[in-house]
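Taking it in order: structure first as structure tokens, then the write-up.
In the UniProt record's numbering, the protein residues as written are 1 to 276.
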């Protein structure tokens, strides 16, 4: 919380500007917003925090009847999913998998004892997610355990961090990383139709196949070099990429209704582009 002169300046800014923005967004009476299911961009959280409208990330799943951990007003660390929900125990397995135990954890899957025995061991739910704690017990979710890329050199890499950086590029709409049993990370991406059209108009590009235009490819490459690889470890660098001619779609079974990408299906549908 700001104090002294900063508090006074913030109060004035809130009265003159921030309150009007919140009112225009229909948020004038809201105290905070909870966000979950998928990571949210840090820039979005910081923007709304500046409006005195905290976005609080939470983490949970159906098997725990709601939240496992939660950020709270006054105890909010951006980029994390907060501290354990009261009464819930959270720990990490040796491989980093998030384990949860508490009265909110389910009793098992309906008529599926094999799945129950696999996911529920001695009362601990094996979530399938990988995470890490900081010194204040704030939990950060790294990614799905089954999605971790293991390179031919034995390095474990979470593709979600790289993909999140890729889709921040103005020209990129969707991204999937490839690298399992390979020497380095590559990616397939799709174009943001609106920004690609504007780029084409501004640069007088001709032709309909923008995904294959050298100027588009060069612009995406520049973005990867400057805005993605510069902020990742060397092992996470995207060494090569291909731009697809279309987005991943629900109709083709490549994304879920919640817009999560089905990697296995994407790998099958775009095998030739990946292998090229």
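The beta-carbon is built from N, C-alpha and C at its ideal position, and this holds for glycine as well.
Run of the alpha helix (DSSP H) containing residue i, from where it starts to where it stops
i	result
residue 5	4-13
residue 283	Not covered by the structure: residue 283. The range shown for the chain is 1 to 276.
residue 166	159-166
Spatial distance of residue i from residue j (CA atoms)
i	j	result
residue 227	residue 7	34 Å
residue 122	residue 81	25 Å
residue 75	residue 166	30 Å
residue 20	residue 90	40 Å
residue 236	residue 105	35 Å
residue 9	residue 55	22 Å
residue 15	residue 44	21 Å
residue 51	residue 136	26 Å
residue 244	residue 86	46 Å
residue 77	residue 48	14 Å
residue 72	residue 31	11 Å
residue 201	residue 70	45 Å
residue 63	residue 18	39 Å
residue 253	residue 274	18 Å
residue 194	residue 95	42 Å
residue 213	residue 241	14 Å
residue 255	residue 266	9 Å
residue 146	residue 262	12 Å
residue 53	residue 204	42 Å
Buried/exposed call for residue i, threshold 16 Cβ in 10 Å
i	result
residue 33	exposed
residue 5	exposed
residue 99	buried
residue 250	exposed
residue 110	exposed
residue 196	buried
residue 215	exposed
residue 88	buried
residue 127	buried
residue 65	exposed
residue 41	exposed
residue 173	buried
residue 25	exposed
residue 12	exposed
residue 79	exposed
Boundaries (first-last residue) of the beta strand (DSSP E) holding residue i
i	result
residue 58	55-61
residue 271	That residue, residue 271, is in no beta strand (DSSP E); its alpha helix (DSSP H) goes 271-275.
residue 48	It is not in any beta strand (DSSP E) - residue 48 instead sits in the alpha helix (DSSP H) that spans 42-50.
residue 25	Run containing residue 25: none; DSSP gives neither H nor E here.
residue 97	97-101
residue 118	Looking at the DSSP string, residue 118 is not in any beta strand (DSSP E); the run it does join, the alpha helix (DSSP H), is 113-119.
residue 67	66-70
residue 190	185-191
residue 175	172-178
residue 143	139-144
residue 90	89-92
residue 125	124-133
residue 34	33-35
residue 240	238-243
Nearest residue (CA-CA) to residue i, options the options
i	options	result
residue 132	93, 113, 101, 115	93
residue 247	12, 77, 120, 175	175
residue 158	172, 178, 30, 134	178
residue 68	79, 83, 24, 78	83
residue 258	24, 39, 29	39
residue 208	223, 191, 218	191
residue 107	96, 124, 95	124
residue 171	141, 134, 222	222
residue 268	239, 217, 194, 188	188
residue 224	129, 119, 169, 142	169
residue 102	113, 120, 115	120
residue 97	144, 160, 211, 232	144
* Take every Cβ of the region 182-196, pair it with every Cβ of the region 142-153, and state whether three or more of those distances are shorter than 8 Å. => yes
* Asked: For the region 163-179 against the region 218-233, are there 3 or more C-beta pairs whose distance is under 8 Å?
  -> Yes, they touch.
* Is the region 32-46 close to the region 58-67, with three or more CB pairs under 8 Å? -> Under the 8 Å Cβ criterion, the region 32-46 counts as touching the region 58-67, having at least three qualifying pairs.
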